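Heads up: the structure comes next, in structure tokens.
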Amino acid sequence: MGFKRIAIAGASSVGTQGGWSWGTGTAILHALVDLKRQDPSIWDTIVVVSRLESVQRSSTEFALLAPFGVEVRGADYQSVESLQKAIQGTEIVLSCIAGPAAIPTLASNLLRASVATGTVRRFLPSEYSFDLEAPRNAPLLGDYHKRKVEHRRDVEKSGLEWTYVVTGSYLRPPSYIATLTTPTPTRPVLIRLDLSTPPPSTLVSGITVPDVALYVARLVTDPDESWSRNKCVRFLADEWSQTGEVELVREVSGKPVEVDWVEEKNASYFALQAAKGLYWVPKSEWDSSRYPDVKPRRLRDVVEEEWKRVQSA
Ligand SMILES: NC(=O)c1ccc[n+]([C@@H]2O[C@H](COP(=O)([O-])OP(=O)(O)OC[C@H]3O[C@@H](n4cnc5c(N)ncnc54)[C@H](OP(=O)(O)O)[C@@H]3O)[C@@H](O)[C@H]2O)c1
Numbered sequence: 000m001g002f003k004r005i006a007i008a009g010a011s012s013v014g015t016q017g018g019w020s021w022g023t024g025t026a027i028l029h030a031l032v033d034l035k036r037q038d039p040s041i042w043d044t045i046v047v048v049s050r051l052e053s054v055q056r057s058s059t060e061f062a063l064l065a066p067f068g069v070e071v072r073g074a075d076y077q078s079v080e081s082l083q084k085a086i087q088g089t090e091i092v093l094s095c096i097a098g099p100a101a102i103p104t105l106a107s108n109l110l111r112a113s114v115a116t117g118t119v120r121r122f123l124p125s126e127y128s129f130d131l132e133a134p135r136n137a138p139l140l141g142d143y144h145k146r147k148v149e150h151r152r153d154v155e156k157s158g159l160e161w162t163y164v165v166t167g168s169y170l171r172p173p174s175y176i177a178t179l180t181t182p183t184p185t186r187p188v189l190i191r192l193d194l195s196t197p198p199p200s201t202l203v204s205g206i207t208v209p210d211v212a213l214y215v216a217r218l219v220t221d222p223d224e225s226w227s228r229n230k231c232v233r234f235l236a237d238e239w240s241q242t243g244e245v246e247l248v249r250e251v252s253g254k255p256v257e258v259d260w261v262e263e264k265n266a267s268y269f270a271l272q273a274a275k276g277l278y279w280v281p282k283s284e285w286d287s288s289r290y291p292d293v294k295p296r297r298l299r300d301v302v303e304e305e306w307k308r309v310q311s312a
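In terms of numbering that gives the first Met the number 0, the sequence shown opens at residue 0 and continues consecutively.
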């Protein structure tokens, strides 16, 4: 029948620049509110769980969502009781908290609180990553992703239903996607790419945050809960290589392109993981066709939007 009482932890990032600056939880919250605009009976309440210091900061934005049935509850992530009080009565918990401090320790407190409610049936850990346990990836994981695997074991032992959402790399600049610089009469388009080695032909799969959010909102409200029960679902929109990305920027801008490669010692943790091929998810494994009316943006759309933005900046 679809979950009617939903908790989202970590949905307080505010502001948007064409959708890029929202975090995962905020984007899911807005996607769920949009579904409710179309169908008022699609869910009853959303509880946004937020650290106490964040509640005040985002109060204006949250007030706008109150008429839809969105309620913000502050909680102390060090306290299972405090978290339990915040999510009591909900049926599904979407953990979207981020960062090394949050996973797995604080995320596990949220999991324990979910079990303690007696009302929560399903837990979605804060994954939104590559296929953590694909045999091809397991030996290559860095510490952050090893902690996500550790958290999976806790989730599976909790007795709750679970769903893991695999997204590959987020398609948003600036990240693994090139940072574009406006050309001048004397300078071509400059793109900054994180990492020149290993081979820039390594494939990366990914999706934009607003599109992940649309898929997750559909999953949560899907009348067939069993489809995603105890399953790893893979919502992706495109695959590309850095070489292909350079070509695409050249094509979209119609300008000469100069690449400012970042050396390995200066590359981000995520770029290093992507360069090993970890963010690639074979197309045959994507679940995006479950919701064929969601038309996610592809790399070309993102490059075109970013190109327009740098030109008008
Ligand atoms: N695939 C990719 O390329 C990619 C890229 C980025 C992120 N991700 C993943 O997506 C998930 C969400 O990340 P995000 O970047 O979207 O999130 P984010 O916007 O950086 O943060 C999400 C929320 O986490 C909460 N939070 C932050 N630090 C916390 C802490 N120490 N304790 C408790 N809560 C804390 C905050 O909520 P409150 O202030 O309201 O409490 C914050 O709004 C993570 O699992 C991350 O690894 C994936």
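Cβ atoms here follow ideal geometry from the backbone N, Cα and C, with glycine treated the same way.
None of these values were measured; they are calculated from a predicted model.
Going by C-alpha distance, which of the options is nearest residue i?
i: F278; options: R152, E132, T183, A100; result: According to the sequence displayed, residue 278 carries Tyr and not Phe. Checked all of R152, E132, T183, A100; the closest Cα to Y278 is E132.
i: V215; options: L109, V92, Q310; result: V92
i: E204; options: S168, L34, N136, A101; result: Note that residue 204 is Ser in the sequence shown here, rather than Glu. Closest option to S204, Cα to Cα, is S168.
i: P291; options: V309, D259, L213, K147; result: L213
i: G1; options: T220, K230, T242, G253; result: T220
i: D237; options: E284, R56, F122, G88; result: E284
i: R297; options: S12, V54, L235; result: L235
i: T162; options: V245, F122, R135; result: F122
i: S113; options: W21, L202, R4, R289; result: R4
i: V211; options: Y76, E126, E250; result: E126
i: P222; options: W42, V79, E304; result: W42
i: R146; options: E224, T183, A106; result: A106
i: A273; options: H144, T89, A100; result: H144
Does the beta carbon of residue i fall short of 6 Å from some heavy atom of ligand 1?
i: A270; result: no
i: A216; result: no
i: T166; result: yes
i: S125; result: yes
i: T162; result: no
i: R50; result: yes
i: Y290; result: no
i: G253; result: no
i: I41; result: no
i: A6; result: no
i: A100; result: yes
i: G88; result: no
i: T23; result: yes
i: I96; result: yes
i: E9; result: Checking the displayed sequence, the identity of residue 9 turns out to be Gly instead of Glu. Indeed, a heavy atom of ligand 1 lies less than 6 Å from the Cβ.
i: L64; result: no
i: S128; result: yes
Quick check on residue i - is its C-beta less than 7 Å from some C-beta in chain C?
i: K254; result: In the structure shown, chain C cannot be found, because there is only a single protein chain.
Spell out the partners DSSP gives residue i in its beta bridges.
i: K230; result: T162
i: T23; result: None; T23 has no bridge partner.
i: A6; result: V46, V92
i: R297; result: For R297, which the question treats as bridged, DSSP gives no partner whatsoever.
i: W239; result: V203
i: F269; result: DSSP lists no partner for F269.
i: F122; result: V92, W161
What three-state label does DSSP hand residue i in the structure shown?
i: Q16; result: Low confidence applies here, because Q16 scores a pLDDT of 43, under 50, leaving its location unreliable; read the following figure in that light. Three-state result, Q16: coil.
i: I45; result: strand
i: Y127; result: coil
i: Y214; result: helix
i: R152; result: helix
i: R171; result: coil
i: G117; result: coil
i: A74; result: strand
i: V280; result: coil
i: D259; result: strand
i: K307; result: helix
My guess is that residue i and residue j are in contact by the Cβ rule of under 8 Å, so how many angstroms apart are they, rounded?
i: L110; j: S49; result: Incorrect: roughly 17 Å between the Cβ atoms, too far for contact.
i: V46; j: T89; result: 6 Å
i: G276; j: T207; result: Not really, about 21 Å apart at Cβ, beyond 8 Å.
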